[in-house]
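What follows is a set of notes on a single structure, which appears directly below.
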Amino acid sequence: MIRSELLQAMARDNPDLKAEEIEQVVDIFFEEIASRLAGGGRVELRGFGAFSTRERQARTGRNPRTGESVDVPAKRVPYFKPGKEMRARLNVK
Amino acid sequence: MAETVGTLTRADLADTMNRRMGFSRSESLELVESLLNHMCEALSKGENVKVSGFGSFILRDKAERIGRNPKTGVEVPITSRRVLTFRASQLLKQRIDAAA
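Protein sequence lines, in the order shown, are assigned to chains A and B.
Under the working numbering, think of the first position of the first sequence as -14, with each following residue one higher.
Under the working numbering, think of the first position of the second sequence as 664, with each following residue one higher.
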């Protein structure tokens, strides 16, 4: 499923809404999550999962092509942990 | 970075929809719920979900393997399963790292 298919599915659920309203709803949803993570916070969506960020230490990496070592600086990366219900839903036989 | 910002929840997302779009609170909550449901549904059907500019939710099928109870040392089979991973887009990664 890609973003445009998500928009279509949302439009079917909400025939009273304009296409651009649906689009705004989806934009706000992902934008709010991104900005909370950028602000150092967490996002918890029960049943779906939780987004947070993790610190990665600086390390010495290697260019796989040339074998040269390169310094990879410390960074903060996004992290997602699926919720219990989500994990269960993926594994129903 | 110190934990200065709280946890964002469905209710907060619905609140923002309500303020920014003028939908009622219950309507806003329904929209948030509907969005999550569609993503869950696609994933439970075995479809990956890709949201450009944000990231991709990717399913991976794991084979059965032998695990060990770390407390007792007893070997137990871990059944094959499907797991969900998230790959953030380059944009989201940059944004989060730039703000650190």
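We put the CB at the ideal spot given by N, CA and C, even for glycine.
Just so we're clear, the structure is a prediction, and the values are computed from it rather than from any experiment.
Distance from B:R723 to B:T748 at the Cβ level is roughly 6 Å; contact confirmed, criterion being Cβ atoms closer than 8 Å. With respect to the 8 Å criterion, B:A677 and B:S691 are classified as neighbours on the basis of their beta carbons. Of the candidates B:I729, B:G709, B:T672 and B:R758, B:T672 places its Cα closest to the Cα of A:G34. By the C-beta density criterion, A:A(-6) is buried, having at least 16 other C-beta atoms within 10 angstroms. Taking all protein chains shown into account, A:P0 has fewer than 16 neighbouring C-beta atoms within 10 Å of its C-beta and is therefore exposed.
At a Cβ-Cβ threshold of 8 Å, A:L30 and A:V11 do not count as neighbours.
In the three-state reduction of the DSSP assignment, A:D1 falls in the coil class, being assigned neither a helical nor a strand state.
Taking 8 Å as the cut-off, the Cβ atoms of B:T670 and A:R44 do not count as close.
For B:V695, the enclosing alpha helix (DSSP H) begins and ends at R688 to S707.
Within the region 727 to 761 of chain B, complete beta strand (DSSP E) segments of at least 3 residues are found at 728 to 731, 738 to 741 and 744 to 751, given in chain order. Counting along the chain, the unbroken beta strand (DSSP E) around A:A35 starts and ends at G34 to R41. For the 8 Å CB-CB criterion, A:R47 and A:K60 do not form a contact.
Within the DSSP secondary-structure output, A:I13 pairs in no beta bridge.
With distances taken between CA atoms, B:Q757 lies nearest to A:S20 out of A:Q9, A:S20 and A:A4. Against chain A, the beta carbon of B:S707 has neighbours under 9 Å at M71, R74, L75 and V77, listed in chain order. Secondary structure note for A:E70: its alpha helix (DSSP H) is the uninterrupted segment K69 to L75. Within its own chain, the residues whose Cβ lies closer than 7 Å to the Cβ of B:A751, once the five positions on either side in sequence are excluded, are G718, listed in chain order.
Scanning A:T38, A:R(-3) and A:F15 for the CA closest to the CA of A:L22 turns up A:T38. A:K69 and A:A4 have their C-alpha atoms roughly 33 Å apart.
Under a criterion of Cβ atoms nearer than 9 Å, no residue of chain A is adjacent to B:S689; the nearest Cβ is some 13 Å distant.
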